[in-house]
């Protein structure tokens, strides 16, 4: 009867899934060994500058200005309100003047923007796009020439407020990375102990293998594509461990119950049955979580980009590993009904009567 409830034969493709996982795992290890991670400023060290504007500013304009002035490695985000901007610039040498230099660059940029807007007002237009194509370059040349000739309003000299400049050394970043790694390894060890106690040691090996698979592949993707790895991504990895474990526990619990109750099915059929029974829950949970994460990725701004990206990858890979890595490990370790048999209490066959 229950074998008819197996709509999807997941284990039919377990060898293909195993090969794909091994390939991804090996590529990730090689990339991490050869290229390493593109460590963000939280780990690599740099200068932090907080600037306050009188009116909201486009962050893309700030990023473009920093690139043009020789600062290729930076982070620019709003801090608290859309008037406060937090800038992190890679500067492992600890140049104390970098904050003043960037403040000067931003102040000049703001002065130029005000002059630019005033020039548009004189022409009676709201934006450059309203001008004809042959007039745009002429207008820009006029603005540049006038600005360079110091025709800027003198009252526009104090447009920004430099709130703070701090330097974070790479030694502190190394400490962050070391502590974060210890935290992740401790979490994996505690998970191994819990699952071994709650289920059986073969489930514990499968759960830790799945978690290690998820974390290493996410790290590998960050290494391959050169995405910044900072403290928010590290926090996301720890969250991925918890999320993936939750799904793994649900699947493992169903497998255990079916091994104890379904006596006529083969192990591979019981695992397929268990995966089918938990599939609806897995899909709904992953889908609703992804909706929130994609909203964070699209609308959360630069500060949450790496965090949400790591979690999106974690949910997708974690869902896959809960189905294929854990189940594959259980079959490879030869899980049997005897492994999960409920031990009989000594003397249970006697009712105590003489």
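In the working numbering, the protein residues as written are 378 to 731. For glycine and all other residues, C-beta sits at the position ideal for the given N, C-alpha and C.
- As DSSP reads the structure, residue 452 sits in a beta bridge with 465.
- Distance from the CA of residue 705 to the CA of residue 411, rounded to the nearest whole angstrom, comes to 29 Å.
- Per the DSSP secondary-structure output, residue 440 pairs with nothing in a beta bridge.
- Counting the other Cβ atoms within 10 Å of the Cβ of residue 609 gives 16 or more, which makes it buried.
- In this chain, the alpha helix (DSSP H) harbouring residue 410 covers 391–411.
- For residue 475, the three-state secondary structure derived from DSSP is helix.
- Rounded to the nearest angstrom, the gap between the Cα atoms of residue 651 and residue 623 is 16 Å.
- Scanning its chain for C-beta atoms nearer than 8 Å, with the 5 sequence neighbours on each side dropped, one finds around residue 670 the residues 685, 688, 689 and 692, in chain order.
- Membership of residue 430 in the beta strand (DSSP E) is indicated by the continuous run 423–430.
- Between the stretch 471–485 and the stretch 438–453 there are three or more C-beta pairs closer than 8 Å, enough to call the two in contact.
- A check of alpha carbon separations from residue 614 across 508, 460 and 565 identifies 565 as the nearest.
- Closest by C-alpha distance to residue 466, out of 666, 416 and 707, is 416.
- In this structure, DSSP gives residue 415 an extended state, which the three-state scheme calls strand.
- Annotation: residue 698 to residue 461 spans about 42 Å, alpha carbon to alpha carbon.
- Assignment of residue 541 by DSSP, reduced to helix, strand and coil, places it in the strand class.
- Here the C-alpha atom of residue 597 lies approximately 6 Å from the C-alpha atom of residue 408.
- The Cβ-Cβ distance between residue 404 and residue 679 does not fall below 8 Å.
- Annotation: residue 612 to residue 712 spans about 34 Å, alpha carbon to alpha carbon.
- Under the three-state reduction of DSSP output, residue 605 falls in the strand class.
- For residue 697, the enclosing alpha helix (DSSP H) covers residues 682–700.
- DSSP, read as helix, strand or coil, puts residue 712 in coil.
- DSSP, read as helix, strand or coil, puts residue 459 in strand.
- One Cα belongs to residue 695, the other to residue 574, and the distance between them is close to 22 Å.
- Around the Cβ of residue 459, a 10 Å sphere holds fewer than 16 other Cβ atoms; the residue is exposed.
- Excluding sequence positions up to five before and after residue 585, its CB lies within less than 8 Å of the CB of 565, 568, 569 and 572, all in the same chain and listed in chain order.
- Across the structure, residue 394 and residue 675 are spaced so that their CA atoms are roughly 31 Å apart.
- DSSP places residue 577 outside both helix and strand once states are collapsed to three, so it counts as coil.
- Here the C-alpha atom of residue 601 lies approximately 37 Å from the C-alpha atom of residue 484.
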